[in-house]
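**Student:**
Residue numbers (this note's numbering): 343 to 495.
1. Examine the Cβ distances between the stretch 375 to 387 and the stretch 400 to 417 and report whether three or more of them are shorter than 8 Å.
2. Which one of 403, 346, 418, 438 has the shortest CA to CA distance from residue 377?
3. Identify every run of the alpha helix (DSSP H) within the stretch 393 to 442, keeping only runs that are complete inside it and at least 4 residues long; order them along the chain.
4. Do residue 370 and residue 442 count as a contact pair if the criterion is CB distance below 8 Å?
5. What distance in whole Å lies between the Cβ atoms of residue 479 and residue 353, which are believed to be in contact at a cut-off of 8 Å?
6. Only counting the same chain, and skipping five residues up and downstream in sequence, which positions put a Cβ closer than 7 Å to that of residue 458?
7. What number of angstroms, rounded off, separates the C-alpha of residue 461 from the C-alpha of residue 451?
8. Residue 387: beta carbon under 7 Å from a heavy atom of the ligand GDP?
9. Just list the residues that DSSP pairs residue 465 with in beta bridges.
10. How would you label residue 510, buried or exposed, when you count the other beta carbons within 10 angstroms and need 16 or more for buried?
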């Protein structure tokens with residue numbers, strides 16, 4: 343599973359490179375035909391990983407509840423995200439995975455509650471959750487690439 347966590351770190355680093363040239367306005371822009379923006383996708387991935395890994399295992403999240411509630415599934419952007427919050431989300435995007443790796447190695451996810459997601463995928467333990475997180479992050483990277491192509495220059 344260490345390899346998958348390393349892959350997740352690389353996916354997240356690549357994600358930040360993809361959005362690195364976007365302005366604060368572009369990060370917040372919601373193009374026609376979309377219901378979210380680039381920065382929401384970043385926050386959503388942060389919240390989703392915390393929910394899928396920590397909450398479902400009965401462990402305390404490593405991010406503030408504010409970020410979880412703002413970006414969890416079934417949410418959408420609710421206003422302009424200022425640069426200080428964007429910077430915090432970007433920092434958490436990396437540090438949360440580093441902390442997850444430490445927690446994984448401490449074996450804190452043994453009380454994982456099995457569940458089946460909306461795609462019919464059964465997730466029975468933390469290792470299944472990591473595989474799903476990778477799938478989910480790849481899916482949202484595709485959304486962000488599509489959003490980026492439509493952003494005003």
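Glycine included, each C-beta is placed from N, C-alpha and C at the ideal position.
**Tutor:** Checking against the coordinates, here is how it stands:
1. yes
2. Ranked by Cα distance from residue 377, the first of 403, 346, 418, 438 is 418.
3. 407 to 413
4. no
5. Taking 8 Å as the upper bound for CB-CB distance, residue 353 and residue 479 are in contact here, some 5 Å apart.
6. 464
7. Rounded to the nearest whole angstrom, the C-alpha separation of residue 461 and residue 451 is 23 Å.
8. Judged by which ligands are present, the structure shown has none, so any question about the ligand GDP falls away.
9. 457
10. Coverage of the chain is limited to positions 343 through 495, which leaves residue 510 absent and any answer about it impossible.
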